[in-house]
Amino acid sequence: TRPQLDGCRKLEDCQPIQLDSCRYEPQADSCSKPGSTCKVKCKQPHVGSSFNQKCPSGNIEANFWRPLSVPDCEIPSTCVDPLPIPVGYVKTDTGWACDHGWIGTAQVGCALDEGCKQRPPILTGCRKL
């Protein structure tokens, strides 16, 4: 009889994680090799926590990826002012508010379009008395 080796398996790459390229950098395909680690952080103008993603050094499962706990990367509410200013809203020294004759809490929302360019902000939360 001939001796046989058993118990060895080929190391496999991890599946590249798919993240929103407008919110996060890098596109973590650099951490697909066993034992590799990459730092994923928020892409400007987003702000938030960074995190490390790792492909286990002894990975033998094809397309394995550990479940992600992705931090929120948000655009700060310091986006450019909407022009023209919508009816019912007024800009104050402390931010946006509902104009006279309107009620509610003014909120400003900043977002990016499909090309990762900043959209004009949207004001919500005020309604006419």
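Each residue of the sequence shown is one higher than the one before, starting from 11 at the first, in the working numbering.
We treat Cβ as the ideally placed atom computed from N, Cα and C, and that holds for glycine.
Fair warning: this is a prediction, and the values are worked out from it, not measured in the lab.
Query                                                                                                                                                                    : Result
Would you call the CB atoms of Asn140 and Lys49 closer than 8 Å?                                                                                                         : The structure shown does not extend to residue 140, since the chain is modelled only from 11 to 139, so the question has no answer here.
Which one or two residues does DSSP pair with Ile113 in a beta bridge?                                                                                                   : Arg137
Return the Cβ separation of Cys83 and His56 in integer angstroms, given the expectation that the two are a contact with Cβ distance under 8 Å.                           : 4 Å
List the whole-angstrom C-beta distance separating Cys120 from Ile85, where the pair is believed to meet the contact cut-off of C-beta under 8 Å.                        : 4 Å
Given a threshold of 16 other Cβ atoms within 10 Å of its Cβ, counted over all protein chains shown, does Cys126 qualify as buried or as exposed?                        : exposed
Starting from Asn64 and walking both ways along the beta strand (DSSP E), at which residues does that stretch end?                                                       : One point to set straight first is that residue 64 is Lys, not Asn, in the sequence displayed. It spans 61 to 64 - the beta strand (DSSP E) in which Lys64 sits, taken as one unbroken run.
Please report the Cβ distance between Val118 and Pro131, rounded to the nearest whole angstrom; I am assuming they are in contact, meaning their Cβ atoms lie under 8 Å. : 5 Å
Going by Cα to Cα distance, which pick from Gln128, Asp30, Pro66 is closest to Pro92?                                                                                    : Gln128
What do you get for Ala72, buried or exposed, if any count of 16 or more other CB atoms within 10 angstroms of its CB means buried?                                      : exposed
Buried or exposed: where does Ile70 fall if 16 or more other Cβ atoms within 10 Å of its Cβ makes it buried?                                                             : exposed
Closest to Ser67 by CA distance: which of Lys20, Gly111, Leu139 is it?                                                                                                   : Lys20
Let me check one thing: in DSSP terms, what residues is Cys52 bridge-paired to?                                                                                          : Tyr34
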